[in-house]
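Peer 1: Below you'll find the structure I mean.
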Amino acid sequence: MTNAKTITTDSELAARPKYYVPYGAEIASGNRAWVLAALMSAVALISLVMLFFVRMQPPTVIRIGPTGEAVVLGKSGSGSQSNSAASGTNAFLNQAFVKRFLSNYLNYSPTNVDERWAASLNMMTRNRRNETLKALATDNTRGKIDEEQIQSVFHLREIDPDSSDPLAFLIYGVKDVHHLTNGTEVTDHFVNEYRLRLIADRRSDVNPDGLWIADYSERPIDGERRDRILAASDREITNE
């Protein structure tokens, strides 16, 4: 009996796997769960890092130019810089700058001349501004405006860019000057040719346009040219 029992026990032991581990299936399942949890934790950590990186980036700002082109501000594209992003290369903005200057400088009355001339002088380069201020002081222009109650109204007739310089303009216009002479109001019509040359600069808080008036001159015109300009209709210009 003892021998039979011993044989039976030995046969049962031989039938078991060599490395038999109790509850092996449960342990293997638990190991897989731990591996999966570790992978998911790594994915979550990577996602948090990417989210933090994206949040730290500045927002993308896109500006639509007057001709419809889109420019991403703060990012330089491949190749040359876009015309709308570079100062002085946009013909529409250049003409708008010239019109704004003429509107301030040539439209005034005794009540607003200081404000308008301050705005127009601040659009000039430093040397051009100093020369203009010196000429105004020598001619006592500001005093005459108060004494004769001078009011100037500018009518823009033509504005043409110079073919040899994209930042130079030739403007034709009529300046109606109302003033008092011996208690009588008199209106003089000055038909002039105005020459303006701009110079481009880096845009800043002080000069967001990136443009300055470098040269300004005016001269009267006569003859048929004068009559034609005097009879022409006005071009659009801001008179605020």
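Numbering-wise, the sequence shown is residues 177 to 416 according to the numbering used here.
The beta-carbon is built from N, C-alpha and C at its ideal position, and this holds for glycine as well.
So, do the segment 361-376 and the segment 388-395 have three or more beta carbon pairs nearer to each other than 8 Å?
Peer 2: At 8 Å Cβ cutoff, the stretches touch.
Peer 1: DSSP three-state label for I203, please.
Peer 2: Translated into positions along the sequence shown, residue 203 becomes position 27. I203 falls in the helix class under three-state DSSP.
Peer 1: Do R410 and L332 have their C-beta atoms within less than 8 Å of each other?
Peer 2: Translated into positions along the sequence shown, residue 410 becomes position 234. Translated into positions along the sequence shown, residue 332 becomes position 156. With the sequence shown as reference, residue 410 is identified as Asp, and Arg is not the correct amino acid for it. Yes.
Peer 1: Could you tell me the alpha carbon to alpha carbon distance between R379 and N298, rounded to whole angstroms?
Peer 2: In the sequence shown, counting from the first residue as 1, residue 379 sits at position 203. In the sequence shown, counting from the first residue as 1, residue 298 sits at position 122. So the alpha carbons of these two residues sit roughly 15 Å apart.
Peer 1: Does the segment 277-284 touch the segment 294-311, meaning 3 or more C-beta pairs lie closer than 8 Å?
Peer 2: yes
Peer 1: Using only the alpha-carbon positions, how far apart do H355 and T363 sit?
Peer 2: Looking up residue 355 in the sequence shown gives position 179. Looking up residue 363 in the sequence shown gives position 187. Taking the straight line from one Cα to the other gives about 7 Å.
Peer 1: Give the range of the beta strand (DSSP E) segment to which I347 is assigned.
Peer 2: In the sequence shown, residue 347 corresponds to position 171, counting from 1. It spans D341 to T357 - the beta strand (DSSP E) in which I347 sits, taken as one unbroken run.
Peer 1: Tell me the rounded alpha-carbon separation between I405 and Y348.
Peer 2: By one-based count along the sequence shown, residue 405 stands at place 229. By one-based count along the sequence shown, residue 348 stands at place 172. Taking the straight line from one Cα to the other gives about 7 Å.
Peer 1: Where Y281 and N266 are concerned, what is the direct C-alpha to C-alpha distance, given to the nearest angstrom?
Peer 2: In the sequence shown, counting from the first residue as 1, residue 281 sits at position 105. In the sequence shown, counting from the first residue as 1, residue 266 sits at position 90. If I take the Cα positions, the gap works out to 23 Å.
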